[in-house]
Amino acid sequence: MSTGASQLFAEVYGAPPTGAWSAPGRVNLLGEHTDYNKGLRLPVALRQRAVVAARLGEVDVLRAVSMQSGSIVEVPIEGIAPGNLTEIQRVRAAVAAISARDFTAMGDIFVASHASLRDDFEVSTTELDTAVDAAMSGGGFGGSVVALVRADTEDAVVGAVTTAFSGRCFSAPECFAVAPSGQAGRDR
């Protein structure tokens, strides 16, 4: 997988990458847009893997190309967003709630986290806003939704989200349970 990413990088940018890395897919239960700003986050690694081939540039724009679509995206690199501070506080509160097994508080924290991603970062979508009692993860103009639910209510929650999407004429969501996975590392 990293070989394909390295080849695409060289084709698009005209030079080989410095290296290629892969990591398990992950969702941040809380802490979106804070981890790379020295803030706290609460991640869970997934079985699915992501691969990155990269080289340091001397520009103030991140340029990325997708192996799936081939499209190139440019993102200006800016300072820390205001939502970082409140998300760091939510991560601390979530750790306390998990330790206390207070999943009602966790639900409230998830909702507040989603509101921050929607309002402070402006990276939510109408589809994500439609998903009830969930927190957006993946943090970039859509991303994913993580719903903290009891195992015995999983089917009902998936049904409610699917029905809500259908009622809004959205494409059917892809829903699946997640479980912790292995670590990230440099592939080449």
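Quick note on numbering: the sequence shown equals residues 12 to 199 in the numbering used here.
Heads up, the beta-carbon is just placed ideally off N, CA and C, and yes, glycines get one too.
Assignment of Gln18 by DSSP, reduced to helix, strand and coil, places it in the helix class. If you look at Glu138, you'll find it in the alpha helix (DSSP H) that goes 137 to 141. The beta carbons of Arg37 and Val55 sit closer together than 8 Å.
The criterion of a C-beta distance shorter than 8 Å is satisfied by Leu19 and Val76. For the set Leu73, Ile120, Glu138, Leu96, the Cα lying nearest the Cα of Ala107 is the one of Ile120. Taking the C-beta atoms as reference points, Thr141 is found nearer than 8 Å to Arg179.
Excluding the 5 residues flanking it on each side, Thr29 has same chain C-beta neighbours closer than 7 Å at Ala65, Arg66, Leu67, in chain order. Counting along the chain, the unbroken beta strand (DSSP E) around Leu53 starts and ends at 53 to 65.
Runs of alpha helix (DSSP H) with 4 or more residues, each lying fully within the segment 93 to 127, are found at 94 to 110, listed in chain order.
C-alpha of Ser80 to C-alpha of Ala111: approximately 44 Å in a straight line. Around the beta carbon of Ala183, fewer than 16 other beta carbons lie within 10 angstroms, which makes this residue exposed.
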